[in-house]
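Student: Sharing a structure with you now.
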């Protein structure tokens with residue numbers, strides 16, 4: 019019954035959000051902006067999916083005209099800072115992810131990505147934690163900039179399913195956030211949730227299963243049980 023596992027990236031494959039926060043602050047400092055996002059700031063901003071969208075929201079809430087803020091330039095600088103942090107080895111897969119992926123490959127289950135982050139960030143993570151290009155690890159990568167609406171809209175999951183050629187009832191999504199859960203549900207997918215550093219405490223009503231860490235899932239057998 020199971021043909022594909024579709025992974026979110028930030029907070030799911032790896033606890034990347036803290037690196038993102040640090041990279042945003044580096045980009046702001048390099049641009050001469052007196053902006054600094056604390057962990058509490060970033061936790062609130064994460065309710066808006068997409069880095070450029072978070073910058074726009076922050077500018078608006080600060081009483082600035084977002085159109086006057088170089089959002090795209092700031093985001094590019096942030097991505098460069100994030101990739102540099104990754105290259106320094108300051109990241110690791112979340113517990114249980116590597117074993118689950120290995121078991122899926124052995125069973126002939128396809129691995130895919132459905133994320134709001136950029137392809138460059140996916141590539142940086144794969145190089146850092148797998149030592150390989152993203153396309154060598156995942157059969158399909160669907161990213162936020164490729165769709166009209168980001169999570170909690172289902173667009174990126176629908177794109178991943180389309181590229182996989184797999185029906186929603188034969189795939190399972192793995193997520194860490196409420197927005198991600200809602201996106202997966204809206205695409206017709208069963209979703210397993212393991213909250214991350216910045217999403218712990220969110221409402222995950224409707225998840226097929228919620229675990230503290232993916233190690234608690236019991237490997238591929240635990241995913242199969244979700245579809246039983």
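Numbering (the numbering used here), first residue to last: 19 to 246.
Each residue gets a CB set at the ideal place from its N, CA and C atoms; glycine is no exception.
Since the model is a prediction, treat every value here as computed from it, not as a measurement.
Can you look up residue 167 in the DSSP assignment and give me helix, strand or coil?
Tutor: Correct three-state label for residue 167: coil.
Student: How would you call residue 238, buried or exposed, if buried means at least 16 neighbouring beta carbons within 10 angstroms?
Tutor: Burial call: buried.
Student: Starting from residue 157, follow the alpha helix (DSSP H) in both directions and report where the run begins and ends.
Tutor: It is not in any alpha helix (DSSP H) - residue 157 carries neither H nor E in the DSSP assignment.
Student: Pick helix, strand or coil for residue 121, following the three-state DSSP scheme.
Tutor: Note: residue 121 maps to helix in three-state DSSP.
Student: Can you have a look at residue 203 and say buried or exposed, based on whether 16 or more other CB atoms are within 10 angstroms of its CB?
Tutor: Its Cβ being crowded by 16 or more others within 10 Å, residue 203 is buried.
Student: In chain order, which continuous runs of the beta strand (DSSP E) of length 3 or greater are located wholly inside the segment 215 to 244?
Tutor: Those beta strand (DSSP E) runs which fall completely within the segment 215 to 244 and span 3+ residues do not exist here.
Student: Between the segment 212 to 223 and the segment 177 to 191, are three or more C-beta pairs nearer than 8 Å?
Tutor: They do not touch, by the three-pair rule.
Student: State the CB to CB distance for the pair residue 229 and residue 241, rounded to an integer number of angstroms; the pair is presumed to be in contact (CB under 8 Å).
Tutor: With a Cβ gap of about 11 Å, residue 229 and residue 241 do not count as contacting.
Student: Give me, in chain order, the residues of the same chain whose beta-carbon lies closer than 8 Å to that of residue 161; leave out the 5 immediate sequence neighbours on both sides.
Tutor: Contacts found: 131, 133, 134, 135, 136, 137, 140, 174.
Student: Helix, strand or coil, according to DSSP, for residue 31 in the structure here?
Tutor: Reduced to three states, the DSSP call for residue 31 is coil.
Student: Residue 66 lies in the alpha helix (DSSP H); which residues open and close that run?
Tutor: Where residue 66 is concerned, there is no enclosing alpha helix (DSSP H), given that its DSSP letter is neither H nor E.
Student: Going by CA-CA distance only, name the one from 178, 146, 171 that's closest to residue 159.
Tutor: Of the candidates 178, 146, 171, the one whose C-alpha sits nearest the C-alpha of residue 159 is 178.
Student: For the 8 Å Cβ check, are there 3 or more pairs between the segment 142 to 152 and the segment 73 to 85?
Tutor: These segments do not touch.
Student: Which same chain residues, not among the five before or five after residue 180, have their C-beta less than 6 Å away from its C-beta?
Tutor: Hits under 6 Å: none found.
Student: The beta strand (DSSP E) that contains residue 133, what's its start and end?
Tutor: 128 to 133 is the span of the beta strand (DSSP E), which, as asked, contains residue 133.
Student: Output the distance between the C-alpha atoms of residue 156 and residue 221, rounded to the nearest integer angstrom.
Tutor: Roughly 29 Å separates the two Cα atoms.
Student: With a threshold of 7 Å on Cβ separation, who are the neighbours of residue 97 within its own chain once the five nearest residues in sequence on each side are excluded?
Tutor: Hits under 7 Å: 136, 138, 139.
Student: Using the rule of at least 16 other Cβ atoms within 10 Å of the residue's Cβ for burial, across every protein chain shown, is residue 164 buried or exposed?
Tutor: When all chains shown are included, residue 164 counts as exposed.
Student: Quick check: residue 188 and residue 20, are their CB atoms within less than 8 Å of each other?
Tutor: The answer is yes: Cβ separation under 8 Å.
Student: Terminal residues of the continuous alpha helix (DSSP H) containing residue 110?
Tutor: Note, residue 110: premise wrong, no alpha helix (DSSP H); not H, not E.
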